[in-house]
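Just so we're aligned, residue 30 is where the sequence shown starts under this note's numbering, counting upward by one.
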Amino acid sequence: MGSLQFIDFSYNNLEGTVPDFQGTTSELFTNNKNLCGHIQGLHPCNASSQGHGARSRSHKVTFIVIFSTVGAFIVLILCIIATVSILHREGTRAGKHCVMNPNAFSIWNFDGKTVYEDIIQRTENFDEKYCIGKERMEVCTKFCCLHQK
């Protein structure tokens, strides 16, 4: 572009500060928005209005970053509270269904038939809903028991 001798910037909706071009007139910048600069015929740029757009954008970005961070933090806290609540509720349910005689496995009071009957009762005759795994001929059953105190 070393041989370029003439550019007309008019009617382009330009705004902001125009740098000093040697031998440039204001006719080349007509019908643009809020152009300012040291070119004769353009408004001089004020120090206060020059950075206003950049400052405004900076405030918007700061506002967006702060509120998105706070929002994400609130969502995280709510997820943690929901998870703890669900786990607590499941633990409470398990405690209601799994109360067993505290002396059932005691060496001195051991009665295999009573323990077996208690396991059958707690697992509802080894119902499918208590099954936690199957392999060939083996079946694992979930059985929980909490000792009464």
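Every residue gets a Cβ at the ideal spot worked out from N, C-alpha and C, and that includes glycine. As the structure is a prediction and not an experimental result, all values here were calculated from the model.
Item	Value
For Phe-96, does the count of other Cβ atoms within 10 angstroms reach 16, so buried, or fall short, so exposed?	exposed
Asn-63 and Glu-44 - do their beta-carbons sit closer together than 7 Å?	yes
If I follow the unbroken alpha helix (DSSP H) through Ile-68, where does it start and stop?	No alpha helix (DSSP H) contains Ile-68, which DSSP labels as neither H nor E.
Can you tell me whether Cys-160 is helix, strand or coil according to DSSP?	strand
Could you give the first and the last residue of the continuous beta strand (DSSP E) run that contains Gly-45?	45–47
I'd like to know whether the C-beta atoms of Gly-66 and Thr-46 end up nearer to each other than 7 Å.	yes
What's the gap between the Cα of Val-144 and the Cα of Glu-153?	14 Å
I'd like to know whether the C-beta of Gln-150 is nearer than 7 Å to at least one C-beta of chain D.	The question asks about chain D, but that chain is absent: this structure has only one protein chain.
Straight-line CA distance for Ile-68 to Ile-106?	57 Å
Look at the alpha carbon of Gly-162 and the alpha carbon of Val-104, and state the distance between them as a whole number of angstroms.	35 Å
Take Glu-119 and list the residues in its own chain whose beta-carbon comes closer than 7 Å to its own, dropping the five residues that flank it on each side.	none
Give me the Cα-Cα distance between Ser-32 and Lys-89, rounded to the nearest whole angstrom.	42 Å
What is the DSSP secondary structure of Tyr-40, counted as helix, strand or coil?	coil
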